[in-house]
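First the structure, in the form of structure tokens, and then the observations on it.
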Amino acid sequence: MARKRRIEASPPVDEPQEEDEVIDVRSDRDIAIEGTWKEWFQIVFMKYCYAVGILFLACIVPLEALRQLGGDLGLGVAFVSVLLIIPLGIFGYLKLWGDGGIWGREASEDS
1160 MARKRRIEAS PPVDEPQEED EVIDVRSDRD IAIEGTWKEW FQIVFMKYCY AVGILFLACI
1220 VPLEALRQLG GDLGLGVAFV SVLLIIPLGI FGYLKLWGDG GIWGREASED S
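Taking the numbering used here, the leading residue of the sequence shown gets 1160, the next gets one more, and so forth.
The following block contains the structure:
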């Protein structure tokens, strides 16, 4: 009869591990579940409306510039308008919802 091989593994040694610092960051879902209506409206809903608005402007303004001006001038104005709208939109987003912004993570509790 064949002999069965037996593999023995030693139990893992409990080594002291460094505790990772846990940053208390609430996601949009956490705010929707646990937060107030005002908090959800300002932090979650308005953030998405802002993004949709900036994308709308980034599409409509260049297309209207092309339609109104036409030719090379319209193309140049459309390109410059996209180069202005996107960075200004990102800057506005960071001022409102970035770290230390009005509705950001480190915003004051009285707002």
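All C-beta atoms in this analysis are idealised placements derived from N, C-alpha and C, irrespective of residue type, glycine included.
Reference residue i, options the options, closest by Cα
| i | options | result |
| --- | --- | --- |
| Trp1256 | Leu1228, Lys1197, Lys1163, Gln1201 | Gln1201 |
| Phe1250 | Tyr1209, Arg1226, Leu1234 | Tyr1209 |
| Gly1248 | Pro1171, Phe1215, Leu1228 | Phe1215 |
| Lys1254 | Ile1219, Gly1235, Lys1206, Gly1229 | Lys1206 |
Own chain, CB closer than 6 angstroms to residue i, minus 5 neighbours either side, in chain order
| i | result |
| --- | --- |
| Pro1221 | Ala1237, Ser1240, Val1241 |
Residues near residue i by beta carbon distance below 8 angstroms, same chain, minus five either side
| i | result |
| --- | --- |
| Ser1270 | Any reading at Ser1270 needs caution, since the residue's pLDDT is 47, under 50, leaving its predicted position unreliable; the model's value is listed next. Closer than 8 angstroms at the Cβ level, and outside the excluded window around Ser1270, lie Ile1261, Trp1262. |
| Gly1233 | Ala1224, Leu1225, Arg1226, Gln1227 |
| Glu1167 | none |
Close beta carbons around residue i, own chain, < 7 angstroms, minus the five adjacent residues each side
| i | result |
| --- | --- |
| Glu1193 | none |
Range covered by the alpha helix (DSSP H) that runs through residue i
| i | result |
| --- | --- |
| Asp1187 | 1187-1193 |
| Ala1161 | Neither: Ala1161 is in no alpha helix (DSSP H) and is coded neither H nor E. |
| Gln1201 | First-last for Gln1201: undefined, no H or E at that position. |
| Pro1246 | 1230-1256 |
For residue j and residue i, believed in contact at Cβ under 8 angstroms, the rounded distance
| i | j | result |
| --- | --- | --- |
| Ile1244 | Ala1217 | 5 angstroms |
| Asp1187 | Val1211 | About 15 angstroms separates the two Cβ atoms, so there is no contact after all. |
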